[in-house]
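A.B. asks: From first to last, the protein sequence lines are chains G and P. Counting from 93, one number per residue, gives the positions in the first sequence under the working numbering. Counting from 93, one number per residue, gives the positions in the second sequence under the working numbering. For each residue, glycine too, the CB sits at the ideal point set by N, CA and C. Pasting a structure here, questions to come.
2 protein chains.
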Amino acid sequence: MQRPFEKILARLRAVGLRPTRQRMALGRLLFEGEDCHVTAEGLHKMAKAAEVRVSLATVYNTLHQFKDAGLLREVVVDPGRSYFDTNLDEHHHFFDPRSGELIDIPSEHVVMAGLPAAPEGTRVDRVDVVVRLTEA
Amino acid sequence: MQRPFEKILARLRAVGLRPTRQRMALGRLLFEGEDCHVTAEGLHKMAKAAEVRVSLATVYNTLHQFKDAGLLREVVVDPGRSYFDTNLDEHHHFFDPRSGELIDIPSEHVVMAGLPAAPEGTRVDRVDVVVRLTEA
DNA sequence: TTGATGGATTAGAACTAATCCAAAAAACTT
DNA sequence: AAGTTTTTTGGATTAGTTCTAATCCATCAA
Numbered sequence: 093m094q095r096p097f098e099k100i101l102a103r104l105r106a107v108g109l110r111p112t113r114q115r116m117a118l119g120r121l122l123f124e125g126e127d128c129h130v131t132a133e134g135l136h137k138m139a140k141a142a143e144v145r146v147s148l149a150t151v152y153n154t155l156h157q158f159k160d161a162g163l164l165r166e167v168v169v170d171p172g173r174s175y176f177d178t179n180l181d182e183h184h185h186f187f188d189p190r191s192g193e194l195i196d197i198p199s200e201h202v203v204m205a206g207l208p209a210a211p212e213g214t215r216v217d218r219v220d221v222v223v224r225l226t227e228a
Numbered sequence: 093m094q095r096p097f098e099k100i101l102a103r104l105r106a107v108g109l110r111p112t113r114q115r116m117a118l119g120r121l122l123f124e125g126e127d128c129h130v131t132a133e134g135l136h137k138m139a140k141a142a143e144v145r146v147s148l149a150t151v152y153n154t155l156h157q158f159k160d161a162g163l164l165r166e167v168v169v170d171p172g173r174s175y176f177d178t179n180l181d182e183h184h185h186f187f188d189p190r191s192g193e194l195i196d197i198p199s200e201h202v203v204m205a206g207l208p209a210a211p212e213g214t215r216v217d218r219v220d221v222v223v224r225l226t227e228a
């Protein structure tokens with residue numbers, strides 16, 4: 093790609109977020125390359141490794157802004173840390189608590205049926221399936 | 093029941109936990125009556141309301157010991173708080189983030205199929221399904 | 001019983017992930 | 001470039017949880 097910033101730039105513009113240096117850099121780390129799962133701490137380390145100077149507070153702000161803008165999904169698997177997922181397709185996860193690693197399960201072939209209706213006054217926001225792994 | 097302590101006592105003995113005053117009291121709050129979902133903070137308040145003097149540290153210890161002993165299940169729905177569930181049957185949950193309330197979904201009629209095999213070197217510990225609710 | 005022993009409880013300190021804050025910097029507008 | 005608004009930042013703060021070290025108590029042996 094001749095102008096590697098273009099894609100991220102367009103993405104930020106599309107959701108109405110100013111393309112600041114930090115958001116561009118974090119956006120590139122998140123969205124260039126394969127789908128990925130990150131924690132705030134993890135992304136902060138990635139940024140550091142990539143020689144991008146960003147404060148942890150900004151990493152948190154950015155992750156939440158991206159999530160609110162629909163660029164990321166938050167995945168709850170661990171009481172005590174939040175994971176963010178760049179894969180926006182409907183899908184589920186393997187979670188290995190030993191490594192803290194998340195692995196996507198495409199929902200293509202997964203079938204779920206028989207869930208009861210949502211209680212009065214509520215509707216289903218989404219269904220999260222987490223397959224917890226353990227040793228061997 | 094003539095001796096309301098007997099049941100809890102037997103339960104603690106069965107898993108090799110000493111029947112201390114605190115464990116007995118918390119056990120009664122958890123296991124007498126309907127299935128329930130509690131947070132550490134919540135159980136601590138329940139204990140206070142029931143005139144049982146227990147420190148928060150002991151509530152945490154006890155919840156984890158009960159979990160490790162298989163008397164409770166931990167449910168991860170909220171980054172930042174742990175819920176414990178007295179219902180040990182295979183089942184799933186509705187979660188309403190507004191109220192923080194968990195509702196059991198008996199897994200009887202829920203069918204799930206098509207999950208891929210666990211990655212090399214791991215096996216499935218369990219499958220958690222959380223149906224996240226939102227406003228009407 | 002009584003005393004010894006090792007697990008259990010406690011208050012408070014420490015820790016971790018996350019959020020808040022006020023000041024400084026950067027991005028837009030004109 | 002000047003002025004306005006948004007963003008970033010480091011440090012302080014918070015919430016939930018775990019740790020620590022002193023004390024307490026359930027159990028067991030005598």
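Taking 8 Å as the limit between beta carbons, can you name the residues of its chain near L104(G), skipping five residues before and five after?
C.D. replies: The residue given as residue 104(G) occupies position 12 in the first sequence. Around L104(G): R110, P111, R115, M116, G119.
A.B. asks: Determine, for L225(P), whether the minimum Cβ-Cβ distance to residues of chain G falls below 8 Å.
C.D. replies: For the purposes of this step, residue 225(P) is taken as residue 133 along the second sequence, with counting starting at 1. Interface residue, yes.
A.B. asks: Check whether the region 179-190 of chain G and the region 134-149 of chain G touch, using three or more Cβ-Cβ pairs below 8 Å as the test.
C.D. replies: Flag = no, the region 179-190 of chain G and the region 134-149 of chain G do not touch.
A.B. asks: Under 8 Å between C-beta atoms, does T154(P) make it to chain G?
C.D. replies: In the second sequence, residue 154(P) corresponds to position 62, counting from 1. No - not a single Cβ of chain G is within 8 Å of the one on T154(P).
A.B. asks: Check whether the Cβ of R173(G) lies closer than 8 Å to any Cβ atom in chain P.
C.D. replies: Position 81 of the first sequence, counted from the first residue, corresponds to residue 173(G). Yes, its Cβ sits closer than 8 Å to a Cβ of chain P.
A.B. asks: For F186(G), would you say it is in contact with chain P, using Cβ-to-Cβ distances shorter than 8 Å as the test?
C.D. replies: Taking the first sequence and counting its residues from 1, one reaches residue 186(G) at position 94. Chain P contact via Cβ: present.
A.B. asks: Counting only beta-carbon atoms, is P208(G) nearer than 8 Å to chain P?
C.D. replies: In the first sequence, counting from the first residue as 1, residue 208(G) sits at position 116. So, interface residue.
A.B. asks: Which one of A228(P), V146(P), H185(P) has the shortest CA to CA distance from D220(P)?
C.D. replies: Residue mapping note: residue 220(P) aligns to position 128 of the second sequence, counting from 1. Checking every option, the nearest Cα to that of D220(P) belongs to H185(P).
A.B. asks: Give the secondary structure of R103(P) by DSSP, where H, G and I count as helix, E and B as strand, and everything else as coil.
C.D. replies: Along the second sequence, read from residue 1 onward, the residue named residue 103(P) stands at position 11. It is helical.
A.B. asks: Does the CB of A161(P) have a neighbour CB from chain G at under 8 Å?
C.D. replies: To locate residue 161(P), count along the second sequence from 1; it is residue 69. False, the Cβ-Cβ gap to chain G never drops below 8 Å.
A.B. asks: Which of helix, strand or coil does DSSP assign to Q94(P)?
C.D. replies: Taking the first residue of the second sequence as 1, we reach residue 94(P) at position 2. Residue placement at Q94(P) is flagged as unreliable, the pLDDT there being 47, under the threshold of 50; a coordinate-derived value is accordingly withheld.
A.B. asks: Any beta carbon of chain G sitting closer than 8 Å to that of H201(P)?
C.D. replies: Position 109 of the second sequence, counting from 1, holds the residue named residue 201(P). For H201(P), the answer is yes, since a Cβ of chain G falls inside 8 Å of its Cβ.
A.B. asks: Assign V151(G) to one of three DSSP states: helix, strand, or coil.
C.D. replies: If you number the first sequence from 1, residue 151(G) lands on position 59. Reduced to three states, the DSSP call for V151(G) is helix.
A.B. asks: CA-CA distance, F176(P) and E98(G)?
C.D. replies: Walking along the second sequence from the start, residue 176(P) turns up at place 84. Walking along the first sequence from the start, residue 98(G) turns up at place 6. F176(P) and E98(G): Cα-Cα distance of roughly 47 Å.
A.B. asks: So, are the CB atoms of V202(G) and L163(G) less than 8 Å apart?
C.D. replies: Working through the first sequence from its first residue, we reach residue 202(G) at position 110. Working through the first sequence from its first residue, we reach residue 163(G) at position 71. No, the Cβ-Cβ distance between V202(G) and L163(G) is not below 8 Å.
A.B. asks: Secondary structure at R110(G), three-state DSSP: helix, strand or coil?
C.D. replies: Counting from one through the first sequence, the residue named residue 110(G) turns up at place 18. Looking at R110(G) - three-state DSSP - the assignment turns out to be coil, as it is neither helix nor strand.
A.B. asks: Using the Cβ count rule (16 or more neighbours within 10 Å means buried), how would you classify A132(G)?
C.D. replies: Walking along the first sequence from the start, residue 132(G) turns up at place 40. Buried, by the Cβ-count rule.
A.B. asks: Output yes or no for whether 8 Å exceeds the beta carbon distance between T214(P) and L225(G).
C.D. replies: In the second sequence, residue 214(P) corresponds to position 122, counting from 1. In the first sequence, residue 225(G) corresponds to position 133, counting from 1. Yes. Within cutoff.
A.B. asks: Chain G partners of D170(P), CB-CB under 9 Å?
C.D. replies: By one-based count along the second sequence, residue 170(P) stands at place 78. Simply V168, P171.
A.B. asks: Is any beta-carbon of chain P found at less than 8 Å from that of G215(G)?
C.D. replies: Residue 215(G) sits at position 123 when you count from the first residue of the first sequence. Before going on, a small fix: residue 215(G) reads as Arg here, not Gly. Interface residue, yes.
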